[in-house]
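First comes the structure, then the notes that go with it.
Protein chains: 2
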Amino acid sequence: MIKKLASLFKLDSTVIKGSGDDCAVLKFNSKMRQLFTCDMIVEGVDFTPRDNPYLVGRKALAISISDIAACAGIPRHAVVSLGLPRNSTVSRISKIAKGISELAERYGINIVGGDISSSPRLTIDVSMLGVVEKKKLCLRSTARKEDIIFVSGALGGSIKGKHLKFEPRLKEARFLVRHFKVNSMIDISDGLTQDLWHILEQSSLSAVLYESLIPLTKEASGLRDALYSGEDFELLFTASRKEAKKIFAAKSYKFFPIGEIVSGGPGLSLVDKRNRQIRIYPKGYRHF
Amino acid sequence: MIKKLASLFKLDSTVIKGSGDDCAVLKFNSKMRQLFTCDMIVEGVDFTPRDNPYLVGRKALAISISDIAACAGIPRHAVVSLGLPRNSTVSRISKIAKGISELAERYGINIVGGDISSSPRLTIDVSMLGVVEKKKLCLRSTARKEDIIFVSGALGGSIKGKHLKFEPRLKEARFLVRHFKVNSMIDISDGLTQDLWHILEQSSLSAVLYESLIPLTKEASGLRDALYSGEDFELLFTASRKEAKKIFAAKSYKFFPIGEIVSGGPGLSLVDKRNRQIRIYPKGYRHF
């Protein structure tokens with residue numbers, strides 16, 4: 105659907121990359137690109153009425169920071185549209201705003217505007233601008249054959265709380281592109297297999313994952329949870345074997361190699377603990 | 105409420121103007137500022153389920169173009185978040201997208217990304233980027249004593265259809281700042297008196313309007329409609345008497361002088377058709 109809609113829209117030469125990646129990439133100046141992204145969260149879909157409104161506001165902003173991180177950028181400015189039920193209390197709205205403002209301040213993001221509308225269910229849409237050095241920009245479409253696939257942390261069980269409290273992997277992404285050559289990157293929002301599929305589809309390549317290498321959170325119910333559940337908000341990235349060795353040896357942050365990129369595709373398989381290679385299919389959270 | 109929330113957010117020196125104007129104003133390069141704005145529309149509030157989805161999509165984008173116009177800028181890029189009820193048909197979604205894409209193309213705007221979420225009621229949030237020459241930027245806070253107040257077109261009765269079909273006054277705004285010195289500008293979204301009040305409050309001045317000068321649409325039910333109804337999406341701007349004469353004499357577009365800025369304030373009064381000056385108060389559409 106998104107692909108079909110995106111094809112309607114004509115783009116001029118100031119757009120380096122339109123929809124289809126974590127952020128749009130726009131011309132900015134001789135050294136930098138501008139990143140532009142938006143994410144909407146809705147009560148009953150992305151959070152429940154019982155969730156702490158401070159954490160709901162925080163999540164709305166954190167998702168966009170994670171998108172900027174996935175392009176290896178630095179978040180700079182955001183605008184926030186709030187759709188509020190008519191019975192919203194000032195206390196609840198203030199908590200949402202506090203969740204937004206505290207995270208924004210910590211990441212040096214200016215909240216420069218917004219819109220408030222009435223809406224039957226609490227809805228928060230954040231649009232964020234960032235910048236990235238031309239040479240450090242990471243996309244989904246640029247994985248290479250024989251790349252090693254990494255994740256920035258353990259997967260699964262996010263629904264038990266991490267989805268509201270996760271720390272966007274901004275420092276990790278910037279550390280990676282400062283010290284190593286990363287070929288492709290995305291953040292895991294829809295689930296490992298579905299987000300890896302975006303890289304494979306856009307790079308026209310396949311991947312082999314190794315069950316024994318996939319790190320699970322202690323909240324994860326098992327492998328399926330790690331493969332198919334959404335909202336881990338970890339980085340998923342690929343780098344050449346040579347770079348991979350250096351990344352694996354990095355002291356500042358721990359990155360987990362979980363598989364490799366192979367030719368042809370897109371296609372996806374898993375080598376299980378009994379060393380059988382089985383074909384698997386991208387699945388994850390779908391809104392419809 | 106918005107003011108209270110805005111005070112939570114700390115801004116750095118790359119922000120020329122945060123929330124409180126039609127757009128945020130950001131540093132861009134030596135000659136230009138970047139403009140950033142967002143607007144959310146929700147079914148049942150800003151349009152009805154029976155409205156043509158093509159026009160609903162069009163409206164979502166047109167509102168943001170009007171905000172960029174109010175700052176005298178040029179719209180460049182937008183991202184669109186769609187909250188869709190689960191029973192949305194592909195045909196309805198395509199019509200919304202067509203309403204957005206056709207208007208975007210006509211105004212040279214790149215739709216560079218988006219997000220689709222499920223939502224109990226159709227919700228469209230558009231965030232838009234634009235640029236404006238430093239010297240042409242128009243704000244709400246810079247009206248001057250003895251300025252003449254203008255509107256770009258007739259007011260009132262927008263609910264009868266104009267709110268879905270209005271042409272954002274972008275050409276008019278650019279014409280104004282290319283040829284004249286405009287001191288302050290806003291677009292009328294909440295209603296003449298309420299939006300004029302934003303100028304008066306931020307400029308610490310008062311205004312006198314002349315009933316006989318206020319142009320009414322043929323759909324307007326009367327003066328009250330023109331003063332207090334929202335969504336006219338006309339430009340409301342002020343210029344010195346000297347500039348006002350030239351603006352009034354312009355051949356390309358017709359601008360209507362409706363009053364003048366006076367010292368002190370904020371305050372607002374109306375000279376009625378019997379030449380009585382009466383104090384009036386800002387009122388308009390309120391979401392809560």
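Chains as they are written, first to last, in this note's numbering: chain A, 105 to 392; chain B, 105 to 392. Glycine included, every Cβ here is placed at the ideal spot set by N, Cα and C. Computed from a predicted model, the values in this text were never measured in an experiment.
Should residue i go down as buried or exposed, given a rule of 16 or more other Cβ atoms within 10 Å for buried?
{"i": "GLN381/B", "result": "exposed"}
{"i": "THR227/A", "result": "buried"}
{"i": "VAL216/A", "result": "buried"}
{"i": "GLY234/A", "result": "buried"}
{"i": "GLY212/B", "result": "exposed"}
{"i": "VAL255/A", "result": "buried"}
{"i": "ASN379/B", "result": "exposed"}
{"i": "ASP116/A", "result": "exposed"}
{"i": "THR141/A", "result": "buried"}
{"i": "HIS283/B", "result": "exposed"}
{"i": "ARG162/A", "result": "buried"}
{"i": "VAL194/B", "result": "exposed"}
{"i": "GLY295/B", "result": "buried"}
{"i": "ALA128/B", "result": "buried"}
{"i": "ARG137/A", "result": "buried"}
{"i": "GLY265/A", "result": "exposed"}
{"i": "ARG210/B", "result": "exposed"}
{"i": "ALA330/A", "result": "buried"}
{"i": "GLY257/B", "result": "buried"}
{"i": "ALA201/B", "result": "buried"}
{"i": "ALA208/B", "result": "buried"}
{"i": "ALA353/A", "result": "exposed"}
{"i": "SER111/B", "result": "exposed"}
Give me the Cβ distance between residue i and residue j, rounded to the nearest whole Å; I'm assuming they're in contact under 8 Å.
{"i": "LEU240/A", "j": "ALA176/A", "result": "The residue you asked about is not Leu; residue 240/A is Lys in the sequence shown. The Cβ separation is near 5 Å, so the contact holds."}
{"i": "SER333/B", "j": "ILE263/B", "result": "7 Å"}
{"i": "SER344/B", "j": "ASN287/B", "result": "7 Å"}
{"i": "SER68/A", "j": "GLY260/A", "result": "This structure gives no information on residue 68/A, because the portion of chain A shown stretches from 105 to 392."}
{"i": "LEU159/A", "j": "GLY203/A", "result": "6 Å"}
{"i": "ASP376/A", "j": "LEU339/A", "result": "About 25 Å; that fails the 8 Å criterion."}
{"i": "GLU347/A", "j": "LYS285/A", "result": "5 Å"}
{"i": "LYS199/B", "j": "PRO153/B", "result": "Going by Cβ atoms, the distance from LYS199/B to PRO153/B rounds to 13 Å, so no, they are not a contact pair."}
{"i": "GLY122/B", "j": "ASN191/A", "result": "The pair is not a contact, with the Cβ atoms about 29 Å apart (cut-off 8 Å)."}
{"i": "ASP126/A", "j": "ALA166/A", "result": "14 Å between Cβ atoms; not a contact."}
{"i": "SER185/B", "j": "ASP219/B", "result": "4 Å"}
{"i": "GLY388/B", "j": "GLN298/B", "result": "3 Å"}
{"i": "GLU147/A", "j": "ARG225/A", "result": "4 Å"}
Tell me the DSSP secondary structure of residue i in three-state form.
{"i": "ILE113/B", "result": "Position check: residue 113/B holds Phe in this sequence, whereas Ile was assumed. Residue state, collapsed to three classes: coil."}
{"i": "ILE204/B", "result": "helix"}
{"i": "ILE169/B", "result": "helix"}
{"i": "GLU305/A", "result": "helix"}
{"i": "ASP294/A", "result": "coil"}
{"i": "ARG383/B", "result": "strand"}
{"i": "PHE337/A", "result": "coil"}
{"i": "LYS266/B", "result": "helix"}
{"i": "SER195/B", "result": "helix"}
{"i": "PRO361/A", "result": "strand"}
{"i": "PHE254/B", "result": "strand"}
{"i": "LEU243/A", "result": "coil"}
{"i": "LEU186/A", "result": "strand"}
{"i": "ALA343/B", "result": "strand"}
{"i": "GLU331/B", "result": "This sequence places Leu at residue 331/B; Glu is not what is there. In this structure, LEU331/B counts as helix in the three-state DSSP scheme."}
{"i": "ILE351/B", "result": "helix"}
{"i": "LEU159/B", "result": "helix"}
{"i": "VAL149/A", "result": "coil"}
{"i": "ASP299/B", "result": "helix"}
{"i": "PHE279/B", "result": "helix"}
Is the CB-CB distance between residue i and residue j below 8 Å?
{"i": "LEU268/A", "j": "ASP155/A", "result": "yes"}
{"i": "PHE337/B", "j": "PHE279/B", "result": "no"}
{"i": "ALA277/A", "j": "VAL230/A", "result": "no"}
{"i": "LEU274/B", "j": "ILE384/B", "result": "no"}
{"i": "ILE178/B", "j": "VAL119/B", "result": "no"}
{"i": "LEU372/B", "j": "SER293/B", "result": "no"}
{"i": "ASP251/B", "j": "ILE365/B", "result": "yes"}
{"i": "LEU313/B", "j": "LEU374/B", "result": "yes"}
{"i": "GLU315/A", "j": "LEU300/A", "result": "no"}
{"i": "ILE145/A", "j": "MET232/A", "result": "no"}
{"i": "ILE253/B", "j": "THR342/B", "result": "yes"}
Using 7 Å as the cut-off, classify the Cβ of residue i as near or not near the heavy atoms of the ligand MN, replying yes or no.
{"i": "ILE290/A", "result": "Annotation note on the ligand MN: not contained in the displayed structure, which lists no ligands."}
Along chain C, which residues have their Cβ under 7 Å away from the Cβ of residue i?
{"i": "ALA208/A", "result": "The chain inventory of the structure shown lacks chain C, comprising the protein chains A and B."}
Taking a cut of 7 Å between CB atoms, which residues from the region 293 to 322 of chain B lie near chain A? Listed by position, the residues of the region 293 to 322 of chain B near chain A (Cβ gap below 7 Å) amount to none.
Please list, in chain order, the residues of the region 215 to 246 of chain B that have any C-beta partner in chain A closer than 8 Å. Of all residues in the region 215 to 246 of chain B, ILE215, VAL216, GLY217, GLY218, ASP219, ILE220, SER221, SER222, SER223, PRO224, ARG225, THR227, ASP229, SER231 and LEU233 have a Cβ within less than 8 Å of some Cβ in chain A.
The region 129 to 157 of chain A: which residues have C-beta closer than 8 Å to a C-beta of chain B, in chain order? Residues of the region 129 to 157 of chain A whose Cβ lies closer than 8 Å to any Cβ of chain B, in chain order: LEU130, ASN133, PHE140, THR141, CYS142, ASP143, MET144, ILE145, VAL146, GLY148, VAL149 and ASP150.
When Cβ atoms are compared, which residues of the region 174 to 185 of chain B fall closer than 8 Å to chain A? Against chain A - using a Cβ distance shorter than 8 Å - the residues of the region 174 to 185 of chain B are ARG180, HIS181, VAL183, VAL184 and SER185.
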